[in-house]
Amino acid sequence: MGTETRDTIADGLATRTPEAANVRDVRQLVDEVVLVSDEEMWRSIETLLVEEHVAAEPAGAASTAALL
């Protein structure tokens, strides 16, 4: 399994070819995957900084973006 592109501000999450063990574990253990855009991650970074005084990088803000 692979992808042609990995264009994102969240380089910590980007991969073209995931490890087979990781894919297996996600399929077995994860109930839902939420796709967030770069724009949503930027908004999440801003929200975390202004509201919580937390400086987050894009990959770290992705989960918050999924909740917002």
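Sequential numbering of the sequence shown, starting at 1, is according to our numbering.
All C-beta atoms in this analysis are idealised placements derived from N, C-alpha and C, irrespective of residue type, glycine included.
Under 6 Å Cβ to Cβ from valine 34, same chain only, skipping five residues before and after it: list those, please.
-> Ala66
Let me know the alpha helix (DSSP H) ranges lying completely inside the segment 18 to 48, each 4 residues or longer, listed in chain order.
-> 20 to 29
Return helix, strand or coil for valine 54, following the three-state DSSP convention.
-> coil
Expressed to the nearest angstrom, what Euclidean distance is found between the alpha-carbon atoms of glycine 12 and alanine 59?
-> 6 Å
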